[in-house]
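Numbered as in our numbering, the sequence shown ends at 584 without a single skipped number.
Backbone N, C-alpha and C fix where the C-beta goes; we use that ideal spot for every residue, glycine too.
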Amino acid sequence: MATIFSRIADGEIPSYRVAADDKHYAFLDINPVARGHVLVIPRREVDYIFDLDKEEYTGLMLFARRVAKAIEKAIPCERVGVAVVGLEV
496 MATIFSRIAD GEIPSYRVAA DDKHYAFLDI NPVARGHVLV IPRREVDYIF
546 DLDKEEYTGL MLFARRVAKA IEKAIPCERV GVAVVGLEV
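Right under this line is the structure:
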């Protein structure tokens, strides 16, 4: 069964896409903590982020870094942070 995140990445649920490639999807959070709050997800569904294999995990972090660098250029801020969350979903 598809999760809400895979349904967003597949376009079944509308989102404001920030960046995407064949393995990752980044979109604005519907309830942002701050301006520019973006969720970055792998397109392959896993139950737990650390279930990704080493290459997938590294690819996700590199994709998130690319998104973070773009956010720094687009929005005046002191820094961009990364958090691994999802226990409440």
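Same chain, Cβ closer than 6 Å to residue i, neighbours up to 5 away in sequence not counted
i	result
Arg-574	none
Phe-558	His-519
Glu-567	Val-575
7 Å Cβ shell around residue i - same chain, five flanking residues per side excluded
i	result
Phe-502	Residue 502 is actually Arg in this sequence, not Phe. Excluding sequence neighbours, Arg-502 sits near Ile-508.
Classification of residue i by the beta-carbon crowding that lies within 10 angstroms, buried from 16 upward
i	result
Tyr-520	buried
Val-562	buried
Beta-carbon gap between residue i and residue j smaller than 9 Å
i	j	result
Ala-497	Glu-540	yes
Val-535	Leu-523	no
Gly-531	Ala-569	yes
Residue from the options whose Cα sits closest to the Cα of residue i
i	options	result
Gly-581	Val-528, Ile-570, Tyr-543	Tyr-543
Q. Can at least three beta-carbon pairs, one atom from the stretch 541-548 and one from the stretch 507-517, be found at a separation below 8 Å?
A. With the cut-off at 8 Å, the stretch 541-548 and the stretch 507-517 do not touch.
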